[in-house]
Amino acid sequence: MNEKRRSFEKRALAQFAAATLSCALVASAALFHIHVRTRVTEEGYRLSRLSAEHQRLSREHERLEVQVAQLESPQRLSELSRARLKMGPPAGDRVVVLADRTARPATLLAAQ
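Going from the sequence shown to my numbering is simple: count from 1 and add 51.
Okay, structure coming up:
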């Protein structure tokens, strides 16, 4: 009878070990699943924040490009040069015409 009892105890111990191992594996899988889902959610929030920041920076970039185009416009530069620097077209007597450098000296003498 003692032998039957030992055999029964060994089977019970093996079943208990198998059940414990199974529970540990299921718990580990559940914890891993929870960890992965948490990371996916965190990365989703991070992606959402980065997307919003990208949109904000794109709008800011477009606004700055428009501002640069306005600041560099020839009309604005002409107005600033006249208003702040008192610049304007030169008077007729202030214009000096230089000879064309590609012309030969003989051609220049003949033209004079």
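We put the CB at the ideal spot given by N, CA and C, even for glycine.
If you measure between the beta carbons of G139 and R145, is that distance less than 7 Å?
Taking 7 Å as the cut-off, the Cβ atoms of G139 and R145 do not count as close.
Under the three-state DSSP convention, the category P140 falls into:
For P140, the secondary structure class from DSSP, reduced to helix, strand or coil, is coil.
Please classify S124: does DSSP put it in a helix, a strand, or coil?
Correct three-state label for S124: coil.
Compute the Euclidean distance between the alpha carbons of V77 and V87, then round it to the nearest angstrom.
For the pair V77 and V87, the Cα-to-Cα distance works out to about 15 Å.
What does a CB cutoff of less than 7 Å around T71 pick up in its chain, not counting 5 residues either side in sequence?
Counting only Cβ-Cβ distances below 7 Å, and skipping sequence neighbours, we find nothing.
Quick check on K55: does DSSP put it in helix, strand or coil?
Secondary structure of K55 (DSSP, three-state): helix.
Distance, V148 Cα to T142 Cα:
Note that residue 142 is Ala in the sequence shown here, rather than Thr. Rounded to whole angstroms, A142 and V148 show a C-alpha spacing of 13 Å.
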